[in-house]
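What follows is a set of notes on a single structure, which appears directly below.
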Amino acid sequence: MHKYISVSYSKVNITEGFWQRRQQINNQKTVYAVYNRFLETGRIDAFKFAWKPGDPNKPHFFWDSDVAKWMEGVAYIYNSTKGKELMKKDEELVRKVDELVDLIEKNQDESGYFNIYFTVVEPENRWKIRTAHELYCAGHLIEAAVAYYEATGKRKFLDLMCKYADHIEKVFKKERSANFITPGHEEIELALVRLYRATGERRYLELAKFFIDERGKDDPSKYYEFANAKYAQDHLPVREQHTAEGHAVRATYLYSAMADIAYEYNDEQLFDCCRKIFRDIMNKKMYITGGIGSSHNGESFTIPYDLPNITAYSESCAGIGLALFAWRMLNIDADSCYSDVIERIMYNVLLSSVSLDGESFFYENPLEVIPSLLTRDTSLKKQMSRFPAIQRSHVFSCSCCPPNILRFISSIGNLIYTYDDKTVFVHQYIASETKFTIKGKNVQIIQQTDYPNDGKITLSITGMEGRKLAVRIPYWCKNYKIERDNVEITEKPIKGYVYIDCNNEFTTVSITFDMHPRLFEASPNVQVNSGRVALQRGPIVYCLEAIDNGKNIRDISIDKNTNFTIKYDDYFGTCIIEAEGYRRDESKYEMLYQPIDFANNKKLKQKLKFIPYYAFANRGISEMIIWILVE
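Start counting at 1 in the sequence shown, then tack on 3, and there's your number in this note's numbering.
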């Protein structure tokens, strides 16, 4: 099995452009918005273990994980600012994390166990309820501890979580004294791999493998009143699973851990399962925005090609989970299908999850909005159809998504480069500078670009002589040009990458991608999109909102031969697109149904304004649509 190494975000300085702006909003606005909401709702104070029956803000069994992801995000922000002039606010964030670590130390059980809910609310049920997220919370605390140690060098948090991991090993692997064997919500597995990589303690890797190997071997009816094994990926042992099933976040966290274990153990069989599962998602169960998990019922995958737009669930955390899975697959297989999916997520479902000002969030990410449907009534209230929220919120009762978005954006530099001894791969095009070493040789890459606003990228490379640079050709790009030191490169892509020899100490590679807007169609199997198209420019999916295009936008059609006009709009942080389209003349429709008069059925012309999908619902409630009719 071939293995690649990711260049850490801590070695990547995002210097300007689209992602610098998004990181500034994330690091200066989102991090405080999330903390303040967690403070108001009692999540922060819950770490004091002072709640008593009758007090407000009763802890929930997943609160540990909400705060842990925020702590992890702070670690990434701090690590990204090292070597620069630290802002006072950054130091304040570190103090807040240290205060939480002190509370964890104070309230951790002598055994190593730590959980807010099962210490102050239901201590009698410790390790008894598989569905109650104990191991999930432990996993996020471990991830936060690893990130914080790597960012600050402070060991306290890491040591506390090592003690917790030792307790988990004792209870689950050695004694088997818990009421269940594997977690109801996966996360601990990938966290233990991270703990192993940070500490070198192989028993943590072996414990992660234990949880992977045991999954799907136990009877789920022992844990669920109405057992649905697929919901928690319990229907088969993992090495017999070839399709994505069940709760989408649980699933992608499991698949991420499976890829980690395949990497660490050179497990070709497990990697082949991961590859088949990934292609099942990519080819049959993923929205054009990169969202996954189409059903509210179980927040889950359903059958192939079941991708409704108006009722799309497409949880924010699920999109992030898929990106984390794809990133791990890139460390084994240099295939652009993984980096293409990451890019699709980055510029669409990830950014739609957070408002442009960085302070409010979507849990679900619909691909079409008709606000009037939310006012429908029936004689049986509980039988009403369920639609996603159409306005972002500052916090949710289940607030897993906001801190997940925070930690993902603050560490997005992880996704740009991987390498082995012979080749450096450029997976994402982000204005940045990076320095790292290959076999003791210092390598520097400076990436200059205004991507995704235009398709020009310049890579200035030092220290790569005798090696290759592999640059990704995005799935959406029909025409491109690559030059090395002003000489055109004509090599064909291999698995989506063009390989370029770097023969000198200093090499300049220039790339130009054709960024002309393109209309995409869905597979005929996605019946809800039959006869409709989606507009995309570069990696960004576009939509129409009624605020720009008038009501009943579902009736709008686009001229397939239209000339597109592209304009940069600072409010949206990228370009808007104008095009020619049509709509029916409503004044001719006095009856609900009437025969078509083909001779006089000429549609009205209309100028259409498309905005990035990620920016919808930032200007008030409005109809929105991605998939439109075409003439």
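All C-beta atoms in this analysis are idealised placements derived from N, C-alpha and C, irrespective of residue type, glycine included. Given the structure is predicted, the values throughout are model-derived calculations rather than measurements.
Where P615 is concerned, the enclosing beta strand (DSSP E) starts and stops at 607 to 615. Within the model, the alpha-carbon separation for I514 versus E468 is close to 19 Å.
In the structure shown, G584 falls within a strand segment according to DSSP collapsed to helix, strand and coil. As for any alpha helix (DSSP H) of minimum length 4 sitting wholly inside the stretch 518 to 572, the runs are 549 to 552, ordered along the chain. Distances from the alpha-carbon of P391 to those of P307, Q450, H430, E302 put E302 closest.
The DSSP-derived three-state label of Y502 is strand.
Around the CB of L595, fewer than 16 other CB atoms lie within 10 Å, so the residue is classed as exposed.
The C-beta separation of V344 from A329 comes to about 5 Å, placing the pair in contact by the 8 Å criterion. Between the alpha carbons of V123 and F399 lies a distance of about 22 Å. If you look at V633, you'll find it isn't in any alpha helix (DSSP H); it sits in the beta strand (DSSP E) that goes 631 to 633. Counting every other CB atom within 10 Å of its CB across the protein chains shown gives K288 a total of 16 or more, marking it as buried.
With a cut-off of 8 Å on Cβ pairs, the stretch 240 to 254 is in contact with the stretch 279 to 286, counting three or more such pairs. Apart from sequence neighbours up to five positions away, the residues of its chain that approach I624 with a beta-carbon distance below 7 Å are P374, I393, Q394, ordered along the chain. Under the DSSP assignment, R179 falls outside any alpha helix (DSSP H); it carries neither an H nor an E label.
Contact between the stretch 454 to 462 and the stretch 502 to 521 is present, with at least three C-beta pairs closer than 8 Å. When secondary structure is reduced to three states using DSSP, M627 falls in the strand class.
Ranked by Cα distance from A141, the options I579, F117, V10 are led by F117. Distance from the CA of E267 to the CA of S355, rounded to the nearest whole angstrom, comes to 34 Å. Beta bridge pairing from DSSP links H250 with S303.
If you compare the alpha carbons of K166, L198, I295, A315 with that of A326, the shortest gap goes to I295. Measuring C-alpha to C-alpha distances from L273 to each of M627, G45, M4 identifies M4 as the nearest. In the structure shown, C403 falls within a coil segment according to DSSP collapsed to helix, strand and coil. Between the C-alpha atoms of F214 and G324 there is a straight-line separation of about 19 Å. With contacts defined by Cβ atoms closer than 8 Å, Y617 and Y366 do not form a contacting pair.
Distances from the alpha-carbon of Y571 to those of K442, Y454, D162, R557 put Y454 closest. The beta carbons of V37 and W66 sit no closer together than 8 Å. In its chain, beyond the 5 residues on either side, F390, I393 have a beta carbon closer than 8 Å to the beta carbon of L377. Beta-carbon to beta-carbon, Y12 and N407 are separated by about 16 Å, too far to satisfy the 8 Å threshold. Nearest to K481 by C-alpha distance, out of L522, Y152, N489, N621, is L522. Look at the stretch 404 to 455 and you find these whole runs of alpha helix (DSSP H), each 4 residues long or longer: 404 to 413. With the rule of 3 Cβ pairs closer than 8 Å, the stretch 308 to 320 does not count as touching the stretch 425 to 445. Residues of the same chain with a CB within less than 6 Å of the CB of E486, apart from the 5 flanking positions on each side, are S513 in chain order. Using a Cβ distance threshold of 8 Å, Y545 and P477 do not count as a contacting pair.
According to DSSP, E491 shares a beta bridge with E486.
Taking C-beta atoms as the reference points, Y120 and P59 fail to come closer than 8 Å. Under DSSP, the beta-bridge partners assigned to E371 are I628.
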